[in-house]
Amino acid sequence: MTRFGSLLFALSLAFAAASLPAHTPEKHFRRPIALAWVGDGLLAVANRDAGSISLVDVERRKIVGEKVVGKRLSDLVAIPGNGFLVATDEEKSELLLLEAKGSVIEVRARAATPHSPVNVKVTRDGSRIVVASLWARRVSLFRVDVERGELHRERVTDLPFPPRLQWLDTAGERLVLADAFADKVAALCLPELRLVSTRTLPGHNMGGIALAPNGSDLLFSHQTLNPYVPTTRPRVFWGAVMSNGITGVEIADLFDETRQPLAAFGHLKHYPVGGNGKGAGEPGLMLFTKSGTVVLGIRGTGEVAVGDGLNHEWTRLSVGQRPVAGILGPEERFAYFADVYGEAIRLVDLEKRTLAASISLGPTPKPGLLQLGETLFHNSRLSLDGWYSCNSCHTGGHTSSQLNDNFDDHSFGTPKRVPSLLGTAETGPWTWNGLQGSLTTLLRQSLATTLLNGERKQGRATHLDQEALVAYLFTLPLPPPLSEAREEPPSPEITKGKLLFDKLGCNECHRFPLFTSSDEYDVGLHDEAGIKEFNPPSLHGVSQRDRFFHDGSATSFREVLEDAGHPDGDGLSGRQLKQLIAYLRTL
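Following our numbering, the numbering of the sequence shown begins with 40 at its first residue and continues without gaps.
Below is the structure:
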């Protein structure tokens with residue numbers, strides 16, 4: 040587009056925004072999760088649960104339009120300079136090309152993506168789109184033609200972990216993806232989508248990726264769980280159990296092809312967030328102004344922190360319930376945040392460092408148990424001093440794959456791998472030694488001895504809160520098997536693997552249909568207290584896990600079956616091992 044054409048486009052949008060008709064929003068839950076500018080003073084908001092795009096006139100602070108475009112939106116990005124946007128629909132596994140015309144959003148094209156797309160990036164020239172797909176563990180490259188309204192998928196690359204956040208450099212040549220749950224990051228080269236390296240960060244539950252002001256470091260906001268520190272009051276109070284912060288790595292290090300792909304980082308920079316008495320559970324998105332101001336969303340405590348630099352003191356502002364997305368205003372005086380559970384856009388004045396205003400996205404029904412439970416699950420203010428939430432360890436309801444030394448097994452000094460909660464409602468008993476037959480009792484114990492909710496001066500969980508949390512846990516679905524998410528064709532190896540599973544007696548502990556049992560078994564492992572019998576975790580969803588056993592000592596099916604010989608796999612031939620793994624990928 041020429042400079043004159045761009046000017047005409049901007050003027051037309053400004054005129055349209057000034058004459059937008061009145062809009063009466065419908066009454067429903069929206070759950071805003073992404074923001075993008077589509078014109079001068081016009082902000083587009085992607086709503087997860089409504090599957091809609093809301094248009095906000097930020098000058099008048101009013102909603103001027105809303106349109107349902109999908110089932111469950113997961114991200115939204117503007118294509119530079121032309122009024123087009125791209126969005127991802129996690130439920131329908133689609134990439135959407137959208138066009139904003141005044142107060143109207145039109146769907147110009149849809150394209151299938153690998154299973155569960157959760158993040159989208161657009162190259163600076165607007166010609167290509169990169170999509171991260173969660174359960175397919177894939178990243179896809181699309182070509183876009185806005186004039187014809189077309190999306191074309193060019194290539195797909197498998198990843199060694201389930202991705203969510205992405206960072207794309209301005210040249211559109213280097214791409215970094217972060218693990219949706221645990222501590223992995225991957226570097227890829229575009230347009231080939233060639234995997235350069237997979238590295239491990241000292242943290243999990245990553246909430247943001249951003250280029251540092253120095254232009255040479257990449258910053259990741261995350262949490263860090265110390266497996267060797269018990270969840271006692273003094274340790275939680277001082278932030279020794281779970282710390283929150285930002286880690287900087289050199290981009291050149293990530294893309295250094297002379298190093299081993301899994302090599303440790305040569306140099307890391309760490310910037311802590313929160314302190315004793317005032318934790319900052321679940322740090323999220325990061326924004327940097329041209330003047331050097333740093334803006335950080337703190338998801339778990341419902342705050343936004345503003346500072347003069349990463350090493351400076353933060354001014355923390357309460358902005359609602361959970362700010363999950365943010366964007367700077369055109370003049371960088373204001374930052375705009377999507378408060379997913381507050382159903383609103385929060386405006387932060389960066390000069391005065393105050394919450395300037397809130398824009399409601401529309402009326403909502405009265406929250407029920409499920410809505411309350413989801414909000415509480417992601418609320419760090421349930422824990423002592425706000426250091427962490429349920430979501431901190433069970434990120435996305437799944438698992439961070441970290442070890443935690445809590446009292447769920449009635450002992451300290453015996454850290455155990457954090458289990459996934461997806462589909463957990465039907466797979467009791469709970470805890471690694473099967474001590475809890477009631478999910479409600481386990482939840483109450485976790486609130487008391489892991490989050491130390493009873494130690495809080497205010498914000499203690501009520502019986503209704505406990506009931507809501509349990510109700511929410513019952514709604515968490517199992518993830519799709521990896522083979523299903525990647526649409527792998529049926530294979531005779533899978534059938535043979537199933538027969539081998541039964542022949543080896545795997546089904547004695549992992550009994551059909553839940554692939555678990557209520558007993559404890561000695562499988563040749565023990566914890567620090569000498570306990571040798573453990574309750575078998577369900578194998579439903581096992582293909583979407585990356586660590587195994589109570590101590591997380593195995594990182595692949597091959598290590599479980601061959602290296603650990605679990606339970607009698609040390610005598611398997613190479614072909615039998617391949618068959619059994621093929622079957623496990625279908626669970």
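The beta carbon of each residue, even a glycine, is placed where N, CA and C say it ideally should be.
{"Item": "Valine 275 - containing alpha helix (DSSP H), residue span", "Value": "272 to 276"}
{"Item": "Neighbour-count burial assignment, tyrosine 427, 16 or more Cβ in a 10 Å radius", "Value": "buried"}
{"Item": "Outcome for leucine 538 when other beta-carbon atoms lying within 10 angstroms are tallied against a minimum of 16", "Value": "exposed"}
{"Item": "Beta-carbon proximity list for leucine 415, same chain, < 7 Å, skipping 5 on both sides", "Value": "Leu421, Asp504, Ala507, Leu508"}
{"Item": "Burial state of leucine 409, where buried means 16 or more other Cβ atoms lie within 10 Å", "Value": "exposed"}
{"Item": "Local conformation of tyrosine 380 per DSSP, three classes", "Value": "coil"}
{"Item": "Integer Cβ distance of glycine 247 from leucine 204, believed to fall under 8 Å", "Value": "7 Å"}
{"Item": "Close-in-space but distant-in-sequence residues of the same chain around proline 575 (CB under 7 Å, 5 per side omitted)", "Value": "Cys548, His549, Thr555, Ser556, Tyr560"}
{"Item": "Range covered by the beta strand (DSSP E) that runs through valine 288", "Value": "281 to 289"}
{"Item": "Identity of the residue in Gly323, Gln441, Leu257 nearest leucine 307 by Cα", "Value": "Leu257"}
{"Item": "Reduced DSSP secondary structure (H/G/I, E/B, other) of glutamate 547", "Value": "helix"}
{"Item": "Where alanine 251 falls: helix, strand or coil (DSSP)", "Value": "coil"}
{"Item": "Straight-line Cα distance separating glycine 323 from serine 440", "Value": "20 Å"}
{"Item": "Close Cβ partners of threonine 594 (< 7 Å) along its chain, the five nearest in sequence each way excluded", "Value": "Asp585, Arg586"}
{"Item": "For glutamate 567 and threonine 453, believed in contact at Cβ under 8 Å, the rounded distance", "Value": "5 Å"}
{"Item": "Anticipated Cβ contact below 8 Å, valine 114 with asparagine 158, distance rounded", "Value": "The sequence shown places aspartate at residue 114, rather than the valine named in the question. So it is a contact: roughly 5 Å between Cβ atoms."}
{"Item": "Cα-Cα separation, proline 516 to leucine 461", "Value": "5 Å"}
{"Item": "Local Cβ density within 10 Å of aspartate 541, reported as buried at 16 or more and exposed below that", "Value": "exposed"}
{"Item": "Test item: CB-CB of glycine 348 and valine 333 under 8 Å", "Value": "yes"}
{"Item": "Cα-Cα separation between glycine 580 and valine 562, rounded to whole angstroms", "Value": "21 Å"}
{"Item": "C-alpha distance - histidine 67 paired with serine 399, whole-angstrom precision", "Value": "12 Å"}
{"Item": "Three-state secondary structure (DSSP) of proline 531", "Value": "helix"}
{"Item": "Cβ pair glycine 692, valine 97 closer than 8 Å", "Value": "The requested residue 692 does not occur in the structure, where the chain is confined to residues 40 to 626."}
{"Item": "Cβ contact check for the stretch 146 to 153 and the stretch 479 to 497: 3 or more pairs under 8 Å", "Value": "no"}
{"Item": "Close beta carbons around tyrosine 380, own chain, < 6 Å, minus the five adjacent residues each side", "Value": "Gln360, Arg361, Thr414"}
{"Item": "8 Å Cβ cutoff met for proline 529 and tryptophan 174", "Value": "no"}
{"Item": "Under the three-state DSSP convention, the category phenylalanine 554 falls into", "Value": "coil"}
{"Item": "Asparagine 158, DSSP secondary structure in three states", "Value": "strand"}
{"Item": "Through-space distance from serine 397 to proline 71, alpha-carbon basis", "Value": "13 Å"}
{"Item": "Counted within 10 angstroms of its Cβ, other Cβ atoms place threonine 651 as buried (16 or more) or exposed", "Value": "Because the chain spans 40 through 626 in this model, residue 651 falls outside it and cannot be assessed."}
{"Item": "For glutamate 413, three-class secondary structure by DSSP", "Value": "helix"}
{"Item": "Status (buried if at least 16 other CB within 10 Å, exposed otherwise) for phenylalanine 376", "Value": "buried"}
{"Item": "For valine 107, the residue or residues it bridges with in DSSP", "Value": "Ser91"}
{"Item": "Nonlocal neighbours in the same chain, by C-beta distance under 8 Å from proline 404, ignoring five residues either side", "Value": "Lys66, His67, Phe68"}
{"Item": "Candidates Lys617, Ala464, Lys160: closest to isoleucine 533 by CA position", "Value": "Lys617"}
{"Item": "Reduced DSSP category for leucine 538 - H, G, I as helix; E, B as strand; rest coil", "Value": "helix"}
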